[in-house]
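**Q** One structure is given below, represented as structure tokens, and several questions about it will come after.
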Amino acid sequence: MSIVKKFINSAPNSVPDSLKGLVMSDPGVIFSQKNFRVVLRSDLDDIKEGSVVTLISGGGSGHEPFAAGFVGFGGLSAAVSGDVFASPSSEAVFHGLQEIYSPSGTIVFVINYTGDRLNFGTAVERFKAETKNDNVDLVYIDDDVALEDKTGITVGGRGLAGAVLLFQIAGYLSEVKLTPFQNLLEISREIVKNTATFGVSLEPCAIPGKSRMFVLNESEMELGLGIHGEPGCQRSQMQSAGEIVDEILGKLTSSSRLNLNAWDRIVVFLNNLGSTSQIEMNILSGEILQWLSTNGFHNIVRFISGTGMTSIDGHGFSITILRILDDQWEKAFDHPSSISRRLTFLNPKITQFFPTFSIPVTLSDERTVPSQGAQVYPETASRFRTSVKSAAFALKSKEQYLNELDECGDGDCGSTLKTASEAILNHIDEGKIDFRHPQTALLQLAHVFEEFVGGTTGAIYAMLLTSGSSIFEHEAHGDNLHSALKKGLEAVMKYGHAEPGHRTMVDPLDAAIKASESWNTKDDWQRAVKAAEEAAESTMTMEAKSGRASYTSVDQQKKPDPGAVAVAIWMRAIFDAFYG
0 MSIVKKFINS
10 APNSVPDSLK
20 GLVMSDPGVI
30 FSQKNFRVVL
40 RSDLDDIKEG
50 SVVTLISGGG
60 SGHEPFAAGF
70 VGFGGLSAAV
80 SGDVFASPSS
90 EAVFHGLQEI
100 YSPSGTIVFV
110 INYTGDRLNF
120 GTAVERFKAE
130 TKNDNVDLVY
140 IDDDVALEDK
150 TGITVGGRGL
160 AGAVLLFQIA
170 GYLSEVKLTP
180 FQNLLEISRE
190 IVKNTATFGV
200 SLEPCAIPGK
210 SRMFVLNESE
220 MELGLGIHGE
230 PGCQRSQMQS
240 AGEIVDEILG
250 KLTSSSRLNL
260 NAWDRIVVFL
270 NNLGSTSQIE
280 MNILSGEILQ
290 WLSTNGFHNI
300 VRFISGTGMT
310 SIDGHGFSIT
320 ILRILDDQWE
330 KAFDHPSSIS
340 RRLTFLNPKI
350 TQFFPTFSIP
360 VTLSDERTVP
370 SQGAQVYPET
380 ASRFRTSVKS
390 AAFALKSKEQ
400 YLNELDECGD
410 GDCGSTLKTA
420 SEAILNHIDE
430 GKIDFRHPQT
440 ALLQLAHVFE
450 EFVGGTTGAI
460 YAMLLTSGSS
470 IFEHEAHGDN
480 LHSALKKGLE
490 AVMKYGHAEP
500 GHRTMVDPLD
510 AAIKASESWN
520 TKDDWQRAVK
530 AAEEAAESTM
540 TMEAKSGRAS
550 YTSVDQQKKP
560 DPGAVAVAIW
570 MRAIFDAFYG
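Below you can see the structure in the form of structure tokens.
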């Protein structure tokens, strides 16, 4: 397949160039000087001085205008953008939380994907720990109902265009009504519960510099396709606009999430997934309103059409229905905001360009980890160092193999771990890892994953290492290592919503922990490594229930999980190096 042509300067610079254009054209937003991936309201200082609960969201780029385009009056206080279809690092999210800190509290809106849950969750936990401020919490947005009948999904629905409606209401309640933190938190979660979205696509998107993610024949369409190109609930023959709307609205209104009554007040949002023409959008608008009227849903208090959450250039649309339970929710849609101005019923905002404008250089994290915790003998530290290097070299050598196993995901598991391995090796060679103090070393390794890796992989390993490091505060031996991995795994399971049997890296880690009560001897270690290898191999026969692979069909899950295999690889490498 050929690369899809796009109006870009270069594929690697697509995200920074996009953010630069946004900030240049909109005087209501500015870059954070800590991290250019964080876009802030230009009047942020004013709203923080009042009794306003600040709001932040974000995720991978490629869904514009979500989320940076919704920063501004009556909307978000800040947004954090990752690379295309990759969650922003927890470090970037932490910078955003620092920038918008308000005594009145902060709500973090997270679209329900594993990488976003992990990275935003890690940032919130770090922010609470460092500031001793508990007035910050997360709201997960999981409005997709396309896969609600699919069994085995434990992570909930995907986060889709319902986020746009939530931002409009929450921004109004926060900034205009000055709703207190706890009340706004509860209202936001109630809004999510009463929001449902269903999408369809005729053609998948293409990431800048790449070809289409897959092929749909001219006579095919995909119902329920995800905004990252994940498979939907049904691939079927192409139908007319009216027939497609009939199928989608039938599923939406009768979904277990909504189960609408004819008298319910509703807001309907027709969202363009990227490249659906305005002619098509107008046709779809008419078909939607016609269907609702014909089927007795007359209480449509708002109809919104526009581009709110895209899949780059995906040729498709989604329909979101919000059930209105409170008059204030309805009034929010009368209030001008940074969200409403992006939609088609408003005139575009004319802005001025500044030729001297430049992108601030992202500040590298100046956080240093002081030597702390128990100290080990120089010989043990040397073996520790050799083992970590051996694990890094082993993962580098398996890049292509792990990428091939990752066909149900992004196909980049091996490349991502190679990036991590190279960064770790550089830090070791530069003497930046203190192996005499295991607690310090684990925190320093966690920081490498935060700063240089990002995405789901970076978040998982950063969380695993950070959480487990505290075990080595007073002593360092085999029992501590066993306890550290156990504690780290518990944190990963908490935020990643993965459990043993879900076909993830949790499986080999859990097996290794359960293989022995302690890791004080070579035999203990050998049992743990063997258990991890067997568990990794067994994922071949499991159905994915967590992570992005859980949205693919069982027929596509014929190989071992790459994340699980990677765990077995580095555990074997550490064992061979330490006891070899």
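If you count by numbering that gives the first Met the number 0, then the sequence shown holds residues 0 to 579, one letter each, in order.
C-beta: ideal position from N, C-alpha, C; glycine also.
By the three-class DSSP mapping on this structure, what secondary structure does Q233 have?
**A** In this structure, Q233 counts as strand in the three-state DSSP scheme.
**Q** Taking the CB atoms as reference points, tell me whether G454 and G114 lie closer together than 8 Å.
**A** yes
**Q** Sort H496, F448, F383, E174 by Cα distance to L480 and report the nearest one.
**A** F383
**Q** Are A535 and A527 closer than 8 Å when you measure CB to CB?
**A** The Cβ atoms of A535 and A527 do not sit closer than 8 Å to each other.
**Q** For the beta strand (DSSP E) that contains V368, what are its first and last residues?
**A** It is not in any beta strand (DSSP E) - V368 carries neither H nor E in the DSSP assignment.
**Q** Could you work out which residue in E406, D411, A419 is closest to F581 when comparing CA atoms only?
**A** This structure gives no information on residue 581, because the portion of the chain shown stretches from 0 to 579.
**Q** Taking only the alpha-carbon atoms, compute the straight-line gap between L172 and A162 and give it to the nearest angstrom.
**A** Spanning the alpha carbons of L172 and A162 requires a straight line of approximately 15 Å.
**Q** Give me the Cα-Cα distance between A195 and L321, rounded to the nearest whole angstrom.
**A** 7 Å
**Q** Leaving out five residues on either side along the sequence, give the residues of the same chain with a beta carbon under 7 Å from the beta carbon of I110.
**A** These residues qualify, in order along the chain: G58, I140, G158, A162.
**Q** Shortest alpha-carbon distance to H334 belongs to which of I168, I318, L201, L424?
**A** I168
**Q** Mind reading off the beta-carbon distance from A490 to N118? Whole number of angstroms is fine, and I expect it under 8 Å.
**A** No, A490 and N118 are not in contact; Cβ-Cβ is about 13 Å, not under 8 Å.
**Q** Got a sec, what are the start and stop residues for the alpha helix (DSSP H) A514 sits in?
**A** 505–514
**Q** Within this structure, are the beta carbons of S101 and V52 separated by less than 8 Å?
**A** Pairing S101 with V52 gives a Cβ-Cβ distance under 8 Å.
**Q** Thinking C-alpha only, which one of L416, V387, P499 is nearest D575?
**A** V387
**Q** How many Å lie between L13 and P64 at the Cα?
**A** The amino acid at residue 13 is misidentified as Leu; the sequence shows Ser. Straight-line Cα distance between these residues: approximately 14 Å.
**Q** How many whole angstroms separate the CB atoms of G27 and F72, which I take to be in contact at a CB cut-off of 8 Å?
**A** The Cβ separation is near 7 Å, so the contact holds.
**Q** Roughly how many angstroms lie between the CA atoms of N519 and A475, to the nearest whole one?
**A** Those two C-alpha atoms are separated by around 11 Å.
**Q** Would you identify the three-state DSSP class for M0, choosing helix, strand or coil?
**A** coil
**Q** Which stretch, first to last residue, makes up the beta strand (DSSP E) that contains V79?
**A** In the DSSP annotation of this structure, the continuous segment of the beta strand (DSSP E) that includes V79 starts and ends at 77–83.
**Q** Are the beta-carbon atoms belonging to R264 and N298 less than 8 Å from one another?
**A** yes
**Q** Would you decide whether K33 is buried or exposed? Buried here means 16 or more other CB atoms lie within 10 Å of its CB.
**A** Label assigned to K33: buried.
**Q** So, using beta-carbon positions, are I470 and K486 closer together than 8 Å?
**A** Cβ distance < 8 Å, so I470 and K486 count as in contact.
**Q** Would you give the residue range spanned by the beta strand (DSSP E) that M541 belongs to?
**A** No beta strand (DSSP E) contains M541, which DSSP labels as neither H nor E.
**Q** What are the residues that DSSP puts in a beta bridge with D49?
**A** Reading off the sequence shown, one finds Gly at residue 49, where the question assumed Asp. DSSP output for G49 lists no bridge partner at all.
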